[in-house]
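Q: Residue numbers for the sequence shown, in our numbering: -17 to 700. Just so it is clear, CB atoms sit at the ideal spot from N, CA and C, and this is done for glycine as well.
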Amino acid sequence: MPLVIRIMLESTVIQLIHRFYDPDSGCVLLDGQDIKTLDVAWLRSHIGIVSQESALFTGSIEENIRFGKPDATDDEVIAAAKMANAHDFIMELPDRMVQDALDRAKEGRTTIVIAHRLSTIRNVDTIIVIDKGEVIECGTHNELMKKNGQYNEFVTAQQQAETNDEKDESDDEEHLTSNNKSHYDLQHATSMISIKSKISNKSINIDAEGVVVNNSRYCRWPFIFKILRLNLPELHWIIIGSIASLIFGGITPLFALFISNVYELFAEQDLNKANIQTRNLALFIFCIGIVGALCQFLSSVAFAKSGEALTMRMRMMSFGSMLRQEMSWFDCEENSVGALVTQLSSDTSNFKGLSGLRIGVIFNALGAIICTLTIVFISGWKLSLVLLLFTPLIVFSGIVQGQRLSNTKRNSTGSTKETSWIEKGGMFISTAMIPDYTKGKISAMRILTLNNRRSQIDPSNTNGTILNNIVGYIEFQQVKFAYPSRPELRILKSLNLCASANQTTALVGRSGSGKSTCAALVLRLYDPYRGAVLLDGHDVRSLNISWLRSQFGLVQQEPVLFNLSIRDNIAYGVNTRTVTQEEIEEAARKANVHDMIISLPQGYDTLCGFKGNQMSGGQKQRIAIARALIRQPKLLLFDEATSALDVCSEKLVQDALNRTRNGRTCLTITHRLSTIRDSEQIVVIDRGRVKESGTHNDLMCHKGAYYKLNMIQERNDG
């Protein structure tokens, strides 16, 4: 019989069991075998781990579950979801990832489905209604609906509830559609930039707010001039490089002129005169070579300097633009961390191909043309005038030919093979003379589009009201909200909530009910599409964003620590001034972490490691609390601050939280109901609405949703 043992282990022990590290002495045994003797891949494949900070990947819920076992069947995926108590909330999602797997799993099998959501069983072969242990009805969905019995009543009741929800939210559809149009357009236009630029020379359509518009300003010369304006601080380098390129461009015609004079020497009869002219020509050619080398060197250095400066400037501008964007912008798949890092590294580097190097090529060609025309006019101005008459025709025909070639699509594979050698030869020659203009243009479009986009919630915006004194009263008035990336899934539905000043209000409820969303709206990471969030009677949308967020201290379930010293991580809570060591230590004492810090060999200079991996969960949380307290906030937000801690760490963190709540408005989000029993107000949120509220004793006497949650937790803890 399988035996399941519940063990409390430190993170280091877990890492040793997985053999991420080897112990300095001693050994770790699995079934009596030293794990050093076992195959590492085999060992880890037999261990299932749930970390404090869970890592989920972009993709469906089914795909994320299947990552644990790539060859898992649909039945195994469903069973795992049920064992993790995740099946119910997955079924309520609009895409119902597991429902598709259920439908596939039923094919060719005898299936028994136990369901409360009757919409999921309408297509089954037989529906059996059981009441008080007896079968009272049996048949298909249509048959039972015609009987007007118990099943019909169940279905009608559920449909009525769903109809009420839909009626309540039907007036939001139009607003949601328009509110998310810019999100949709931005999401698709970001990827369309590269596609359209590669297919044709048509402009890319994104306006400052992410809505598609005509963008012809990015075409040809106006586009180049816009790039040059960004490079104005390096104008002296551009001038030096342009002059050097102009001179270097004139060297090729001069070299050709002197070479032609060399051939004339073969007709010279006087040997002494021929020798003298040969030496003079050799000296001239040598001098031209020296001048050409110097000009090429100056041109390369000057344009490299200007190009690198432009790259760094655009990188800083792009990074600043990214930081100004609202959270919904980052929810787009095209704006993931990897995509943004690529944009900062690759796109900004390609950007310089439109500035320095291209200017050098233009002046190089201009110098060659000027020098050639000068030589030609000196040699015979009459013939030169005749030739110049045909120059516009040659230029025009070249432009037309280039446009025709760029728009032509060859469908014949044979023709492609025949022309491949000519194409490659021309490419090798042209790439040596001309920078990658197309790649630079595509990158520049992406960068300029980002820099021109105005964020809907810009933290750097200095507009907005700044209150002289705040009491700390928070109110949600008929708030309706859906994340822009998932507009069909409504999180908050006419939420009304009041958090009194200088009191603790706890938000409880099952996962996905909208608790953390409330914190995000208070901080104005998002804006509701209906209703308002008020701070002391002022709509948070009317307040200065930077000031608003500076009034809050936030402690999240997964605290973000940097690979800096503990001192720097705590001081990071105040970025408007330099904090003293005394302030840091005082905040650490309030957070119940000072004694732990001074017990370390390096004290406050101890590095926290990447994402704080050198600290335990409880230590990270208390450092995060100290960071929140050092700014002396009037309001505190605790989002599952103790959910992933062991009993000892939870007690230390909870003591710190209780110590910090005095004299502040505190909004606590938690699943552990034992930690919020002393709260002045407990609010139960279910499916985006307030189900009940009151003190712990009041709600327990009421024996409603809060009472049931308590009973479940006490039974599980017992």
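How about residue 647 and residue 456: do their beta carbons lie closer than 8 Å?
A: Here residue 647 refers to the residue found at position 665 when the sequence shown is read from its first residue. Here residue 456 refers to the residue found at position 474 when the sequence shown is read from its first residue. In this structure, residue 456 lies closer than 8 Å to residue 647 by Cβ.
Q: Which partner residues does residue 463 have in the DSSP bridge list?
A: To locate residue 463, count along the sequence shown from 1; it is residue 481. In the DSSP output, where bridge partners are listed per residue, residue 463 has 474.
Q: Within 10 Å of its beta-carbon, does residue 702 have 16 or more other beta-carbons around it, so buried, or fewer, so exposed?
A: One cannot answer for residue 702 here, as it falls past the ends of the chain, which runs -17 to 700.
Q: Using 8 Å as the Cβ pair cut-off and three pairs as the minimum, do the stretch 205 to 223 and the stretch 276 to 287 touch?
A: yes
Q: Does the structure place the stretch 515 to 522 close enough to the stretch 676 to 688 that three or more beta carbon pairs sit under 8 Å?
A: no
Q: Out of curiosity, what's the CA-to-CA distance linking residue 602 and residue 658?
A: The count along the sequence shown starts at 1 and reaches residue 602 at position 620. The count along the sequence shown starts at 1 and reaches residue 658 at position 676. In a straight line, the C-alpha of residue 602 is about 21 Å away from that of residue 658.
Q: Taking residue 124 as the reference, which of 633, 109, 217 has the closest Cα?
A: Taking the first residue of the sequence shown as 1, we reach residue 124 at position 142. That would be 109, whose Cα lies nearest to the Cα of residue 124.
Q: Just checking my contact of residue 229 with residue 349 at CB under 8 Å: how many whole Å lie between their CB atoms?
A: As a position in the sequence shown, residue 229 is number 247, starting the count at 1. As a position in the sequence shown, residue 349 is number 367, starting the count at 1. Confirmed, Cβ separation roughly 6 Å.
Q: Quick one: what's residue 41 bridged to in DSSP?
A: Residue 41 sits at position 59 when you count from the first residue of the sequence shown. Note: residue 41 sits in no beta bridge, so no partner.
Q: I'd like to know if the stretch 421 to 431 and the stretch 480 to 490 are in contact, where contact means that at least 3 CB-CB pairs between them fall below 8 Å.
A: no
Q: So, with DSSP's three-state summary, where would you put residue 486?
A: Numbered from its first residue, the sequence shown carries residue 486 at position 504. Correct three-state label for residue 486: strand.
Q: Do residue 670 and residue 474 have their C-beta atoms closer together than 8 Å?
A: Within the sequence shown, the letter at position 688 stands for residue 670. Within the sequence shown, the letter at position 492 stands for residue 474. Cβ atoms of residue 670 and residue 474: closer than 8 Å.
Q: Leaving out five residues before and five after residue -4 in sequence, what residues of the same chain have Cβ atoms less than 8 Å from its Cβ?
A: By 1-based counting over the sequence shown, the position of residue -4 is 14. So the qualifying residues of the chain are 31.
Q: Please list, in chain order, all residues of the same chain as residue 307 whose beta carbon is under 7 Å from its beta carbon, the five residues on each side excluded.
A: Working through the sequence shown from its first residue, we reach residue 307 at position 325. Hits under 7 Å: 437.
Q: Take residue 131 and list the residues in its own chain whose beta-carbon comes closer than 7 Å to its own, dropping the five residues that flank it on each side.
A: Working through the sequence shown from its first residue, we reach residue 131 at position 149. Contacts found: 119.
Q: Closest by CA to residue 355, which one among 590, 232, 122?
A: One-based indexing of the sequence shown puts residue 355 at position 373. Of the listed residues, the one whose Cα sits closest to residue 355 is 232.
Q: Identify the continuous beta strand (DSSP E) that holds residue 117 and give its terminal residues.
A: Here residue 117 is taken as the residue at index 135 of the sequence shown, counted from 1. It spans 116 to 121 - the beta strand (DSSP E) in which residue 117 sits, taken as one unbroken run.
Q: Using the DSSP secondary-structure output, state which residues sit across from residue 635 in a beta bridge.
A: Locating residue 635 in the sequence shown gives position 653, counting from the first residue. Its beta-bridge partners do not exist; DSSP assigns none.
Q: What span of residues does the alpha helix (DSSP H) with residue 259 cover, start to end?
A: On the sequence shown, position 277 is the one that residue 259 refers to. Note, residue 259: alpha helix (DSSP H), 253 to 306.
Q: Along the chain, where does the alpha helix (DSSP H) that runs through residue 663 open and close?
A: For the purposes of this step, residue 663 is identified with residue 681 of the sequence shown, where counting begins at 1. Premise fails: residue 663 lies in the beta strand (DSSP E), 663 to 668, not in any alpha helix (DSSP H).
Q: Could you please give me the residues that DSSP links to residue 111 through a beta bridge?
A: Indexing the sequence shown from 1 puts residue 111 at position 129. DSSP, once it has assigned bridges, lists 119 as partnering residue 111.
Q: Tell me whether the stretch 547 to 561 and the stretch 581 to 597 touch, counting them as touching only if at least three CB pairs, one residue from each stretch, are closer than 8 Å.
A: Contact between the stretch 547 to 561 and the stretch 581 to 597 is present: three or more C-beta pairs spanning the two stretches fall below 8 Å.
Q: Tell me whether residue 457 sits in a helix, a strand or coil according to DSSP, three-state version.
A: Numbered from 1 along the sequence shown, position 475 holds the residue referred to as residue 457. Reduced to three states, the DSSP call for residue 457 is strand.
Q: Here's the rule I'm using: 16 or more other beta-carbon atoms within 10 Å means buried, otherwise exposed. How should residue 332 be labelled?
A: As a first step, residue 332 is located in the sequence shown; it is residue number 350 there, counting from the start. Buried: at least 16 other Cβ atoms inside 10 Å.
Q: Report the rounded CA-to-CA distance for residue 327 versus residue 502, giving the unit in angstroms.
A: The sequence position of residue 327 within the sequence shown is 345, counting from 1. The sequence position of residue 502 within the sequence shown is 520, counting from 1. Each residue's alpha carbon lies about 31 Å from the other.
Q: Note down the Cα distance separating residue 373 from residue 271, rounded to an integer number of angstroms.
A: Indexing the sequence shown from 1 puts residue 373 at position 391. Indexing the sequence shown from 1 puts residue 271 at position 289. Rounded to the nearest whole angstrom, the CA to CA distance from residue 373 to residue 271 is 30 Å.
Q: Let's test the definition: count the other Cβ atoms within 10 Å of the Cβ of residue 667 and tell me whether it reaches 16, buried, or not, exposed.
A: Numbered from 1 along the sequence shown, position 685 holds the residue referred to as residue 667. Burial call: buried.
Q: Can you give the beta carbon distance from residue 267 to residue 248, rounded, assuming they're within the 8 Å contact cut?
A: The residue you call residue 267 lines up with position 285 of the sequence shown. The residue you call residue 248 lines up with position 266 of the sequence shown. 16 Å between Cβ atoms; not a contact.
Q: Would you say residue 289 and residue 339 are within 8 Å of each other, going by their C-beta atoms?
A: If you number the sequence shown from 1, residue 289 lands on position 307. If you number the sequence shown from 1, residue 339 lands on position 357. Their beta carbons are under 8 Å apart, which means residue 289 touches residue 339 by this criterion.
Q: According to DSSP, simplified to helix, strand and coil, what is residue 448?
A: For the purposes of this step, residue 448 is taken as residue 466 along the sequence shown, with counting starting at 1. In the displayed model, residue 448 falls within coil according to three-state DSSP, outside both helix and strand.
Q: Assuming residue 665 contacts residue 479 (C-beta within less than 8 Å), just tell me the rounded distance between them.
A: Here residue 665 corresponds to residue number 683 of the sequence shown, with the count starting at 1. Here residue 479 corresponds to residue number 497 of the sequence shown, with the count starting at 1. Their Cβ separation, rounded to whole angstroms, is 6 Å, which keeps residue 665 and residue 479 in contact under 8 Å.
Q: Counting only beta-carbon atoms, is residue 227 nearer than 8 Å to chain B?
A: Checking the listed chains, one finds no chain B in this structure; it contains a single protein chain.
Q: Can you tell me the Cα-Cα spacing of residue 640 and residue 575, whole angstroms?
A: Residue mapping note: residue 640 aligns to position 658 of the sequence shown, counting from 1. Residue mapping note: residue 575 aligns to position 593 of the sequence shown, counting from 1. Going from the Cα of residue 640 to the Cα of residue 575 covers about 14 Å.
Q: Take residue 444 as the anchor and find which of 235, 605, 525, 44 has the nearest alpha-carbon.
A: As a first step, residue 444 is located in the sequence shown; it is residue number 462 there, counting from the start. Of 235, 605, 525, 44, the residue nearest in Cα terms is 525.
Q: Can you tell which of 135, 656, 311, 649 has the C-alpha that lies nearest to the C-alpha of residue 468?
A: To locate residue 468, count along the sequence shown from 1; it is residue 486. Comparing alpha carbon positions, the residue from 135, 656, 311, 649 closest to residue 468 is 311.
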